[in-house]
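Everything below concerns the one structure shown next.
Protein chains: 2
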Amino acid sequence: MAGAIDFYFDFSSPYGYLAAEMIEDLGQRCGRAVNWHPMLLGVVFKSTGGQPLTMAPMKGPYSVLDMRRSAAFYGIPFNMPSVFPIATQNPARAVLWMQQNHPAHAKQFTLELFRVFFRSNRDISKLDVVGDVAAGLGYNATDVIAAAQSEDIKNQLKANVETAITRGVFGSPFFIVDNEQFWGADRLPMLERWLTQGAWKY
Amino acid sequence: MAGAIDFYFDFSSPYGYLAAEMIEDLGQRCGRAVNWHPMLLGVVFKSTGGQPLTMAPMKGPYSVLDMRRSAAFYGIPFNMPSVFPIATQNPARAVLWMQQNHPAHAKQFTLELFRVFFRSNRDISKLDVVGDVAAGLGYNATDVIAAAQSEDIKNQLKANVETAITRGVFGSPFFIVDNEQFWGADRLPMLERWLTQGAWKY
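Here the protein sequences come in this chain order: A and B.
So the first sequence is numbered by the numbering used here: it starts at 323 and just counts up by one.
So the second sequence is numbered by the numbering used here: it starts at 323 and just counts up by one.
Put into structure tokens, the structure is as follows:
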């Protein structure tokens, strides 16, 4: 099988959520596995001088409109969370733990976290909400909450974010496949054509 | 006929160039006229704190790749200019003059300016290059250069940029139709569906 698609995302990223809803189908159509990498855009922004989109002058109000309209365009349910942006260490760490301990459920857990935030307006920065989502998949909430606070998982997430930055990841969602970078849910059609029509030169 | 599409662009914007190559066909498919508005992103950025994309950390190198790949995706010839970004007062002013004095040629003149910059690597910030492009369409280069330096045209461009900012324009290309805003050449498919499927709610 050809190389996997690396999918980087931050849980506080609406376009990351939209991509999470679409990337597995794209991978299947293209015969590529998808590796999901939670990361922390706040740490990335310290390297790049970036800022949360919704806080930018003029661009901020437009971006909220674009998020809602993009979701409608793709046919994906979406509600702008009332608390936004949020810190995403806790859900990111819980996903790392799930990936290592129950890999078969990790993507479903990730999607479910995105959905409770961007559909049901629940603040997934809170450990108890992360625990609830894990419980919904049949896991013990207390175990997941404890795991997400372990030093080992914390250090792994830090290392993963550093690796992402080293690979040039500066936003969410971000995709790397066959050393080609794509930034944004709106670049998925381009990524797909690039894979299916054979890495055209440009 | 339904309301026109207002198309705002800066001549130093690669995505503005790509949009300029596509927007008239879109307008025809949707039964909408397109009004072309040259503006100055440098002035806009003073209001928004924005900066030229290619100069942003990490995002800069990616953006050049994305510009070239996007052009290939749309099937539009593109060469990254060796001098970039450029000041765009001169071509913007010349276009205003052309719009007022020879409206039938104004869009062709605008497209030709974009093309000599983004295909032929000629620096359209220079008045003599702007004059050459006008001459290529049968106009007297000296007349166009003089017109582009008139106080009247300078003031009109200033006023137009202020109007654009007032309407929420913060980037290039930017489209407003039926009071709906769209930013980016990559939003043209969404703009088209929004027009053809009737301004969906979101």
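Built from N, CA and C at the ideal position, the CB exists for glycine as well.
In this text, all values refer to a predicted model and were calculated from it rather than measured experimentally.
For residue i, the nearest candidate out of the options (CA to CA)
| i | options | result |
| --- | --- | --- |
| residue 367 (chain A) | A:512, A:510 and A:490 | A:490 |
| residue 362 (chain A) | A:397, A:402, A:411 and A:518 | A:411 |
| residue 423 (chain B) | B:399, B:413, B:386 and B:469 | B:469 |
| residue 516 (chain A) | B:392, B:360 and B:334 | B:392 |
| residue 385 (chain B) | A:504, A:508, A:522 and A:523 | A:504 |
| residue 528 (chain B) | B:446, B:463, B:518 and B:500 | Given that chain B is displayed from residue 323 to residue 524, the structure contains no residue 528 (chain B) and the question cannot be resolved. |
| residue 409 (chain A) | A:427, A:452, A:485 and A:524 | A:452 |
| residue 445 (chain A) | A:461, A:427, A:403 and A:464 | A:403 |
| residue 357 (chain A) | A:425, A:383 and A:369 | A:425 |
| residue 482 (chain B) | B:337, B:342, B:360 and B:510 | B:360 |
| residue 420 (chain A) | A:467, A:498 and A:339 | A:467 |
| residue 355 (chain A) | A:382, A:370, A:371 and A:325 | A:325 |
| residue 493 (chain B) | B:364, B:512, B:480 and B:343 | B:364 |
| residue 343 (chain B) | B:465, B:434, B:519 and B:523 | B:434 |
| residue 522 (chain A) | B:329, B:388 and B:339 | B:388 |
| residue 415 (chain B) | B:508, B:443 and B:480 | B:480 |
| residue 430 (chain B) | B:443, B:345 and B:336 | B:345 |
| residue 449 (chain B) | B:417, B:428, B:474 and B:339 | B:417 |
Where residue i sits in the DSSP three-state scheme
| i | result |
| --- | --- |
| residue 501 (chain B) | coil |
| residue 356 (chain B) | strand |
| residue 519 (chain A) | coil |
| residue 430 (chain B) | helix |
| residue 378 (chain B) | coil |
| residue 385 (chain A) | helix |
| residue 474 (chain A) | helix |
| residue 408 (chain B) | coil |
| residue 400 (chain B) | coil |
| residue 459 (chain A) | coil |
| residue 350 (chain B) | helix |
| residue 422 (chain A) | helix |
| residue 524 (chain B) | coil |
| residue 512 (chain B) | helix |
| residue 325 (chain B) | coil |
| residue 445 (chain B) | coil |
| residue 391 (chain A) | helix |
| residue 415 (chain B) | helix |
| residue 453 (chain A) | helix |
| residue 435 (chain B) | helix |
| residue 491 (chain A) | coil |
| residue 362 (chain B) | coil |
| residue 372 (chain B) | coil |
Chain-ordered chain B contacts of residue i [CB-CB under 8 Å]
| i | result |
| --- | --- |
| residue 515 (chain A) | 395 |
| residue 512 (chain A) | 391, 392 and 395 |
Residues that residue i contacts on chain A, provided the C-beta gap is smaller than 8 Å
| i | result |
| --- | --- |
| residue 490 (chain B) | 380, 383 and 384 |
Contact set between residue i and chain A, taken where Cβ atoms lie within less than 9 Å
| i | result |
| --- | --- |
| residue 369 (chain B) | 379 and 380 |
Counterpart residues of residue i in DSSP-defined beta bridges
| i | result |
| --- | --- |
| residue 496 (chain B) | B:330 and B:505 |
Contact list for residue i against chain A, beta-carbon separation under 7 Å
| i | result |
| --- | --- |
| residue 390 (chain B) | 524 |
Within chain B, partners of residue i - CB distance below 9 Å
| i | result |
| --- | --- |
| residue 519 (chain A) | None at all; the shortest Cβ gap to chain B is about 10 Å. |
| residue 387 (chain A) | 502, 503 and 524 |
| residue 402 (chain A) | Those within 9 Å of residue 402 (chain A) in chain B number zero; the least Cβ separation is about 11 Å. |
Neighbour list for residue i in chain B, Cβ cutoff strictly below 7 Å
| i | result |
| --- | --- |
| residue 508 (chain A) | 508 |
Distance cut-off 7 Å: residue i Cβ against heavy atoms of the ligand GDP
| i | result |
| --- | --- |
| residue 496 (chain B) | With respect to small molecules bound, the structure shown includes none, and the ligand GDP cannot be examined in it. |
Quick one: any contact between the stretch 347-355 of chain A and the stretch 390-408 of chain A, if contact means 3 or more CB pairs under 8 Å? Segment contact: the stretch 347-355 of chain A against the stretch 390-408 of chain A, fewer than three CB-CB distances shorter than 8 Å; contact not assigned.
Does the structure place the stretch 450-470 of chain B close enough to the stretch 485-501 of chain A that three or more beta carbon pairs sit under 8 Å? Of all C-beta pairs linking the stretch 485-501 of chain A to the stretch 450-470 of chain B, fewer than three are shorter than 8 Å, placing the two stretches out of contact.
Using a Cβ distance threshold of 8 Å, determine whether the stretch 431-440 of chain B contacts the stretch 370-385 of chain B, with at least three qualifying pairs required. Result no; under three Cβ-Cβ pairs closer than 8 Å.
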